[in-house]
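Everything below concerns the one structure shown next.
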Amino acid sequence: MIDELYDLSQHFILNYNRNYQRYFMGKYPLENRFSIITGPRGVGKTTAIIQYLLKFIGGDRFNKDAIYIQADHFLVGKHSMYEIADRFVKNNGKLICFDEIHKYPEWSRELKSINDTFPQLKIIASGSSAMEIQKGSHDLSRRAIVYRMYGMSFREFIELSLDLRLNAYSLVEILEQERRQVIAANIVEEIEKKNTKILPLFNRYLEYGCYPYFKEFENKDLFHIALEQHVHTTIESDLPAVFPGLSGSGIKKIKKLISFIAESVPFMPDLKNIKRLLEIGDERTLKNYLKYLENAGIILSVSKKGKSLSAMEKPEKIFLNDTNLMYAIGARENLQKGNLRENFFVNALMAGHKVTVADRGDFVVADKFVFEVGGKGKGFNQIKDKENSYLALDEIETGIGNKIPLWLFGFLY
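Dropping the structure here:
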């Protein structure tokens, strides 16, 4: 059995490894014994696992100190995860990587048993949803460190598209005027050496650059079809795998809910009206549906600054997880540039900062910085007397004063 799985592992390592390494590998060395990586479909979890595995075994995919197990493969289904781990350890194995664990029945119970029984074994697992782990159904949250993997930043899109290596920056660096102007000018100069311009690149990123597999499609329409299919698979397959009690009727209502949101991003939810339209009996069920979608990487919800914890359960605005989804499942014929800009800003900032809806202006970041998002002609009228206020503007390359190029937020850590 174990030899058959070694062969399968070597096949997947050969076919799924990529030269480009995303931010994840540098930011999270996965030094702890038990790590779980979550994130939306298509963001590169499998590639990250395989890159780490290859680093662990010195680049030799035939080295049997490590093994990659795709939990939903039919060969794996013949055996329990525990049985595989047991045989692997008896074969002197040191690192076992389980991919797509949420599709395996009783995966959290088995991972707990593997972790507790084989203290010398290093474990990495990935899944498209963190919900089961967060629920702590088998106390995994106390045993594993859970990492969230996000879609590609604008910086990563440029690196992958132009074969460049560019630095990431902190929010403090981007907000500090002199430092920011130097950063923006250097990035623009590096990109122009590749005979292209930053603003057209940014527009391409908004349309199809948030997922590393965009490189596999010459036609952006085909990429959008693939992305739409990922959304359907997430709802129809991944969510029921994590929540077996989710009925066919519930799935249909979730898909209809996504349609409502996608047609009018940013979506300002009227829970009573949505309940009526979707024929949902209680508000708690609707809020659960929204949580499922956010956790699965399909939506982002933003609360209003200053609201209590209980009030925060109802988001002030709901965005799609990234701008590519706006093209793939949104009302493309009614796509507004202003909505794209806001969606990009929220996506870029929420990966590492608290973002809330402002009373005046568009957003408050880290409970301190007020932002208005818009085109190059936008002024400070709404936030002119606000301390720590900034304009995040599209259609400018470098900016001046408290006017910051919108694209530069795609270079955050």
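Position one of the sequence shown corresponds to residue 0 (numbering that gives the first Met the number 0), numbered consecutively onward.
Glycine included, every Cβ here is placed at the ideal spot set by N, Cα and C.
key: Backbone secondary structure at P211 - three-state DSSP   = Position 212 of the sequence shown, counting from 1, holds the residue named residue 211. P211 falls in the helix class under three-state DSSP.
inquiry  = Tell me the rounded alpha-carbon separation between E109 and M80.
reply    = Residue numbering aside, residue 109 sits at position 110 when the sequence shown is read from its first letter. Residue numbering aside, residue 80 sits at position 81 when the sequence shown is read from its first letter. Taking the straight line joining both Cα atoms gives about 6 Å.
inquiry  = Taking the straight line between their C-alpha atoms, what separation do you get for N323 and I113?
reply    = In the sequence shown, counting from the first residue as 1, residue 323 sits at position 324. In the sequence shown, counting from the first residue as 1, residue 113 sits at position 114. If I take the Cα positions, the gap works out to 38 Å.
The stretch 228 to 241 touching the stretch 267 to 275, judged by at least three CB pairs closer than 8 Å = no
query = What runs of the alpha helix (DSSP H), each 4 residues or longer, lie entirely inside the stretch 296 to 372?
reply = 322 to 328 and 336 to 349
message = Please report the distance separating the alpha-carbon of Y149 from that of A350.
response = By 1-based counting over the sequence shown, the position of residue 149 is 150. By 1-based counting over the sequence shown, the position of residue 350 is 351. Whole-angstrom Cα-Cα distance: 7 Å.
Contacting residues, own chain, Cβ-Cβ under 8 Å from L13 (five flanking each side not counted) = Here residue 13 refers to the residue found at position 14 when the sequence shown is read from its first residue. Only R60 meet the Cβ criterion.
request  = Classify Y67 as helix, strand or coil using the three-state DSSP reduction.
outcome  = Start at 1 with the first residue of the sequence shown, and residue 67 comes out as number 68. The answer is strand: DSSP assigns Y67 an E or B state.
key: Collapsed DSSP secondary structure at I36 in the structure displayed   = Counted from its first residue, the sequence shown places residue 36 at position 37. Three-state DSSP puts I36 in a strand.
query = What are the boundary residues of the alpha helix (DSSP H) that Y15 is part of?
reply = Position 16 of the sequence shown holds residue 15. Residues I1 to Y15.
Span separating the alpha-carbon of E386 from that of I317 = Locating residue 386 in the sequence shown gives position 387, counting from the first residue. Locating residue 317 in the sequence shown gives position 318, counting from the first residue. If you take the alpha carbons of E386 and I317, they lie about 26 Å apart.
key: Proximity test, K102 beta-carbon vs the ligand FMN heavy atom, cut-off 6 Å   = Within the structure as shown, the ligand FMN is missing, as the structure has no ligands at all.
key: Cβ distance (whole Å) where K146 is taken to contact I36 below 8 Å   = Here the question's residue 146 lines up with position 147 in the sequence shown. Here the question's residue 36 lines up with position 37 in the sequence shown. The question names Lys, yet the displayed sequence has Tyr at residue 146. Indeed they touch by this definition, with Cβ atoms about 5 Å apart.
key: Exposure label - L319; buried when at least 16 CB within 10 Å   = Here residue 319 is taken as the residue at index 320 of the sequence shown, counted from 1. Per the 10 Å Cβ criterion, buried.
query = Under a three-way DSSP split, which group does L411 fall into?
reply = On the sequence shown, residue 411 is found 412 positions in, with the first residue counted as 1. It is a strand residue.
Backbone CA spacing between L221 and I328 [nearest angstrom] = As a working note, residue 221 is residue 222 in the sequence shown. As a working note, residue 328 is residue 329 in the sequence shown. In a straight line, the C-alpha of L221 is about 13 Å away from that of I328.
inquiry  = Rounding to the nearest angstrom, what Cα-Cα distance links A124 and E99 in this structure?
reply    = By 1-based counting over the sequence shown, the position of residue 124 is 125. By 1-based counting over the sequence shown, the position of residue 99 is 100. Using only the alpha carbons, I get a separation of about 8 Å.
request  = Taking A357 and V372 to be in contact with their CB atoms under 8 Å, please state how far apart those CB atoms are, rounded to whole angstroms.
outcome  = Here the question's residue 357 lines up with position 358 in the sequence shown. Here the question's residue 372 lines up with position 373 in the sequence shown. That belief does not hold up - the Cβ atoms of A357 and V372 are roughly 11 Å apart, past 8 Å.
Member of L174, L245 and S263 whose CA lies at the smallest distance from the CA of L348 = Counted from its first residue, the sequence shown places residue 348 at position 349. Out of L174, L245 and S263, L174 has the C-alpha closest to the C-alpha of L348.
Nearest-angstrom Cα separation, counted from N218 out to V354 = As a working mapping, residue 354 is identified with position 355 in the sequence shown. As a working mapping, residue 218 is identified with position 219 in the sequence shown. Taking the Cα positions, V354 is about 34 Å away from N218.
query = When DSSP builds the beta bridges, which residues end up paired with L163?
reply = Reading the sequence shown from its first residue, position 164 is the one you call residue 163. DSSP lists no partner for L163.
message = Taking a contact to mean a Cβ-Cβ separation below 7 Å, would you say L413 touches A65 in this structure?
response = With the chain covering 0 to 412 only, the question about residue 413 has no answer from this structure.
key: Sequence ranges, alpha helix (DSSP H) only - wholly within the stretch 188 to 236, length at least 4   = 197 to 207 and 219 to 232
query = Quick one: is V241 buried, meaning 16 or more other Cβ sit within 10 Å of its Cβ, or exposed?
reply = Here residue 241 refers to the residue found at position 242 of the sequence shown. Buried, by the Cβ-count rule.
request  = Pull up the distance between the alpha-carbon of H413 and that of Y103, whole angstroms please.
outcome  = Residue coverage of the chain in this structure runs from 0 to 412, which leaves residue 413 outside it and unanswerable.
inquiry  = DSSP has R147 in a bridge; who is on the other side?
reply    = What you label residue 147 is simply residue 148 of the sequence shown in a count that begins at 1. The bridge partners DSSP lists for R147 are T37.
Closest by C-alpha distance to G337, when choosing among I403, G296 and V264 = Residue 337 sits at position 338 when you count from the first residue of the sequence shown. The candidate whose alpha carbon is nearest that of G337 is V264.
message = Per DSSP, what are the beta-bridge partners of Y168 in this structure?
response = By 1-based counting over the sequence shown, the position of residue 168 is 169. Under DSSP, the beta-bridge partners assigned to Y168 are L411.
query = Can you name the start and end residues of the beta strand (DSSP E) that K402 belongs to?
reply = The sequence position of residue 402 within the sequence shown is 403, counting from 1. Segment K402 to P404, the beta strand (DSSP E) holding K402.
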